[in-house]
Amino acid sequence: MNDFVKISKDNDVAVITIDNPPVNALSPGVPERIWAAIDEVNADHAIRAAVVIGAGRTFVAGADIKEFGKMTSGASPRRTLLPLLLHIEDSGKPVVMAIHGTAFGGGLELAMAGHYRVAAPTAQVGQPEVKLGIIPGAGGTQRLPRLVGVAKAVEMCAEGKPVLARDAAPLGLIDRLIEGDLLSGAGAFAREIADKPMPKTRERTEKLGTIADNGAIFSAARDAAHKKQRGMKAPLAAIEAVEAATRLSFEAGCEAERELFTDCLFSDQSKALIHVFFGEREVGKIPDIPKDTPLMPVNRVAVVGSGTMGGGIAMVFANAGIPVLLKDVDQPALDLGMGKIRKNYASSVQRGRFTQEFVDERLWLITPVLTYDAFSDVDMVVEAVFEGMALKKSVFADLDRACKRGAILASNTSTLNIDEIGAATSRPEAVIGTHFFSPANVMRLLEIVRGKKSSKEAIATCMQLSRKLGKIGVLVGNCRGFVGNRMFGPYRREAQFLVEEGADVEAVDKALFDFGNAMGPLATGDLAGLDVGWRIRQEYRHLEKPGIRQPFAENRLCELGRYGQKTMKGWYRYDENRRASTDPEVAALVRKWSAEAGILQRQISAAEIVDRCIYALVNEGARILEEGYALRAVDIDIIYLNGYGFPAYRGGPMWHADTVGLHNVYQRVCEFHQLHGEAWAPAPLLKRLAEAGKTFAEFDKEQGAAGLLERTNSA
Ligand code: 3HC
Ligand code: NAI
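So in this note's numbering the end of the sequence shown lands on 700, straight run, no missing numbers.
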């Protein structure tokens, strides 16, 4: 027998061990070996029962996701686990599934085909397929409701959230929780049930409910999916498949599931979400920073500046159990900062996200300070003072004096040059950017900015730390705005141009909301504060290239004191609950300003709004990629999904462009270039790839580590 699956005997119990590291996915070969092992068990008269268990850190984490792309491209034949699962269920000897780690997707489907399931209390079970844009494809939508009931099955299949084995036991999914050694507990359990009836999940119907009861469950699930998973097809398909379980025989239900699964698998959404799954893992791989790069300890940290970002960053560290000093200039500023942190935590307790006990422990980890005295003990500092080079340099000079050698000195700057900040210290190798997104304790993205001299150890440590903090770290180069904000500039520029050319404010936001973005660009401006960009534009006005059209509407709104939500007026008008409403005054002002500037007013379609804004992102993304400030196109995608509310089911701006076809995107960019001038000059990389009939994904694959290094070193 092949290595994937081993069979051994513990007296009268056979142990079938699935061993396909790292996560025991059901890659080609594994299902076949399990089938053969079941046959071997049935042929051996000395065996009374079998235990199926995973080697290493987990039970089976699902089908092999790498196979899906091969199936849809035709490179591999379509495979299904359904016959194997029937074979297990029809075994003449009872099969006990012993679960630790994760039984996800095909892994849970495999487990449900066993006659019994035992698990470590901390194991997790789930049908997370919707996160990949698909639904369970091996009877999961048919067996799960038979074990846990319709309501829970719908929730698990449509939302994809895992459930702890300890919580799954009372639901009927796990027959016994095993504390201590799982294999010996599973063996003892197998002996207990060896002569008992062998329940087949597919034959059970007692939890399938009545049509009357189920109607309300399905309609509530559909409402929730439309709201919480807006624009996604898979959750609705998952609900439909579970509904089939309640209306059809098991066999017909599996057939319905198969059709829905196939539709989803071949959809653009699924391809995009699979790209995201692998992309989130890819961004952690930095070509010149090997996996075994020594990491620096980060056991105690300090944050300088207790404002919007500093306070949030202190909470991020505290939430991860890391003690943090929080420094500000004077007691009132510090009291204000700590007050906001307390209020933030109190609202988390109120919403049931944290317990009071958890919050008390976290608050205890944050020590407010007014001096650098205790900084000599910390392993890392994150600076989050006002945005200004002179101030940042003086703070870093102070940190250089106050901190021990070996500490990481990080800046949360959103625009300033990390090399220049590093030059204010005697140890630029310790200086790096850690660009959190607002609100820092909520947003998952962390851009890690590599200065020319940042050490590999500091980079590797920050990448690793991001995981511990519950963030996704993406390494970016040191250019103005880094990756995310540099692209956001042209995106928001186009939104303003569109209004100046005649589009309604609401129409611009609605088009991008309907595209799938969490918020429209103008409403986002109001939320972040229009004055922030206005001040930055004033500071960098000297860098504007003459002859290139600049938007004026936001500058003018700011001159009128309309900064957005903070002043109750911006692009929209806000009430005391921050609810937005259309402001006719803005429409009238913009029309007047546009007439004065001689801008022709016209009807603008939602499709043009989306193309203008999204292709502005793509064009700038292509420049960033070619200049080496992003390692890969997929890094840009992960940044946009986790920091800017881009819809995951479109895979990120660069993947979206690949899906539309780079030739089509390039054509449109050329049209905009002709109509709107130099701001739309096509990025050379976009042109090259489009003309060669290639994609950004192919660019990522083809250039390899050497190409990446060459580009990053020249950045
Ligand atoms: N298929 C292929 N590769 C997988 C995989 C899978 N199902 N699950 C994980 N991997 C790979 C990862 O890509 C990664 O590879 P790398 O080291 O080369 O980057 C490696 O395994 C380790 O994964 P993680 O870094 O994610 O390890 P963690 O310990 O952080 O997480 C996990 C482990 C919780 C299992 C997580 O990997 C996960 O959630 N995996 C996906 C589970 C899933 O979605 N299963 C359903 C698949 S679809 C299915 O089963 C369809 C069925 O209904 C027919
Ligand atoms: P903020 O104005 O809310 O807070 C700045 C804090 O720094 C204030 O509490 C101030 O008293 C304090 N401070 C000033 N000088 C100090 C010093 N010498 N020592 C200690 N504390 C000092 O500013 P915000 O928004 O938190 O921004 C901080 C940094 O984060 C900036 O570099 C900004 O560009 C960046 N950033 C901001 C984002 C945002 O959305 N607000 C997003 C990402 C980065």
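Here a beta-carbon is modelled for each residue, glycine too, at the ideal position from N, C-alpha and C.
Ignore the nearest five residues each way along the sequence and tell me which others in residue i's own chain have a CB closer than 6 angstroms to its CB.
| i | result |
| --- | --- |
| L384 | V366 and L394 |
| L129 | A138 |
| E663 | I533 |
| V0 | S(-7) and V36 |
| P275 | none |
Our contact map puts residue i next to residue j with C-beta atoms below 8 angstroms; I'd like the distance itself, whole angstroms only.
| i | j | result |
| --- | --- | --- |
| A303 | V227 | No, A303 and V227 are not in contact; Cβ-Cβ is about 40 angstroms, not under 8 angstroms. |
| E491 | T552 | 20 angstroms between Cβ atoms; not a contact. |
| I403 | F381 | Not confirmed; about 10 angstroms, so no contact. |
| Q254 | G337 | So it is not a contact: roughly 31 angstroms between Cβ atoms. |
| I120 | C142 | 7 angstroms |
| E414 | A445 | 13 angstroms between Cβ atoms; not a contact. |
| A572 | D489 | 7 angstroms |
| W556 | A508 | 7 angstroms |
| L450 | V283 | 6 angstroms |
| T65 | A230 | Rounded, the Cβ-Cβ distance is 17 angstroms, inconsistent with contact. |
| K453 | L430 | So it is not a contact: roughly 15 angstroms between Cβ atoms. |
| L626 | V261 | 6 angstroms |
Could you tell me which of the options sits nearest to residue i, measuring between CA atoms?
| i | options | result |
| --- | --- | --- |
| A218 | G501, R347, C543 and A682 | In the sequence under discussion, the amino acid at residue 218 is Lys, which differs from the Ala named in the question. Of G501, R347, C543 and A682, the residue nearest in Cα terms is G501. |
| L149 | V286, K256 and V103 | V103 |
| D286 | G628, L280 and L311 | First, the residue type needs correcting, since residue 286 is Val and not Asp in the sequence shown. When only C-alpha atoms are compared, the closest one is L311. |
| G510 | A488, E486, M428 and Y548 | Y548 |
| L355 | L319, Q341, I259 and A206 | L319 |
| S396 | S439, A197, R597 and K389 | S439 |
| I73 | A40, D24 and I120 | D24 |
| A682 | A618, F631 and P536 | A618 |
| L67 | G124, F44, E561 and D75 | G124 |
| K181 | Y625, R33 and E485 | R33 |
| D620 | D685, G583 and A582 | D685 |
| V(-10) | N(-4), N5 and A(-1) | N5 |
| A31 | S(-7), A582, E432 and R63 | S(-7) |
| P7 | E94, I50, M448 and T247 | I50 |
| A98 | G678, E570, P184 and I521 | P184 |
| C388 | V363, S379 and A409 | V363 |
| G678 | Y625, C655 and H648 | H648 |
| G466 | H100, T680, I433 and C239 | I433 |
| V654 | I84, T644 and A666 | A666 |
| W519 | H527, P531 and R541 | R541 |
| G418 | S411, V468, N426 and A375 | V468 |
| E188 | D75, E539 and F53 | D75 |
| D622 | C249, I259, R563 and G59 | I259 |
| R215 | S252, A538, A503 and S379 | A503 |
| V26 | L69, K78, A201 and R42 | K78 |
| F53 | G630, L280 and S12 | S12 |
Should residue i and residue j be called a contact, given that it needs their Cβ atoms to be closer than 8 angstroms?
| i | j | result |
| --- | --- | --- |
| L162 | A154 | yes |
| I326 | F421 | no |
| A48 | T2 | no |
| N9 | V36 | no |
| G436 | V416 | yes |
| R597 | F657 | yes |
| L93 | Q112 | yes |
| K377 | T400 | no |
| L460 | I271 | yes |
| Q535 | E529 | yes |
| S309 | V289 | Going by the sequence as given, residue 309 is Val instead of Ser. No, Cβ-Cβ distance for V309 and V289 is not below 8 angstroms. |
| A88 | V115 | no |
| L483 | I589 | yes |
| V81 | A171 | yes |
| P475 | E346 | no |
| A210 | G636 | no |
Report all residues from its chain with a CB closer than 8 angstroms to the CB of residue i; omit the five preceding and five following residues, and keep chain order.
| i | result |
| --- | --- |
| V650 | Y600, V603, A642, L671 and A675 |
| S579 | E485, E486, G487 and Q586 |
| Q316 | L355 |
| S423 | T293, M294, G297 and A513 |
| T190 | R131 |
| A591 | A492, K495, A496 and D499 |
| K441 | D273, I274 and T278 |
If I measure Cβ to Cβ from residue i and keep anything under 7 angstroms in the same chain, skipping five residues before and after, which residues do I get?
| i | result |
| --- | --- |
| L245 | I120, A222, E225 and A226 |
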